[in-house]
Amino acid sequence: MSTNTLSKETELRLADFFNNSIDVKFMAKTIRQMNYMVALSLMHECETLEIDKKNLENGFFWLNELAEILNPYLDVE
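Here the sequence shown is numbered in UniProt numbering, starting from 1 and rising by one per residue.
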C-alpha cells in the first residue's frame, strides 16, 4: 500500500465534500449498491465489462473500503 500525501487544497476540498456536501450513510449505501451491480455483471460475464476485469476488481475493493470508512457496516457486532 502506498502512502501518498495529499496537498492541503485537496485535503480541504475532501473535508468540505464529506462534511458539507453529502450524507455519508447514503453515500456508503449507494457505493454498496453499485458494487453489487458490478459484481452481478461480472458474474454474468457481461461483455461490456470484459475489457478490464482487473481494474474492476480493484475498484470494487477500494469502493468497499471507502464505504466502510464512511459508514462501518461489516464491523458492527
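No residue lacks a Cβ here, since even glycine has one placed at the ideal position from N, Cα and C.
What do you get for I22, buried or exposed, if any count of 16 or more other CB atoms within 10 angstroms of its CB means buried? Residue mapping note: residue 22 aligns to position 22 of the sequence shown, counting from 1. Its Cβ having fewer than 16 others within 10 Å, I22 is exposed.
Using a Cβ cut-off of 9 angstroms (strictly closer), state whether K8 contacts chain D. Any reference to chain D falls outside this structure, which holds one protein chain only.
Does the region 64-72 come close enough to the region 23-33 to have 3 or more Cβ pairs within less than 8 angstroms? A contact exists between the region 64-72 and the region 23-33.
Residue from R32, H44, N71, S41 with nearest C-alpha to F61: On the sequence shown, residue 61 is found 61 positions in, with the first residue counted as 1. Here the closest residue by C-alpha is R32.
Contact set for N35: own chain, Cβ-Cβ below 7 angstroms, skip 5 residues either direction: Counted from its first residue, the sequence shown places residue 35 at position 35. Cβ neighbours of N35 within its own chain (closer than 7 angstroms, five residues either side excluded): F60, L63, N64.
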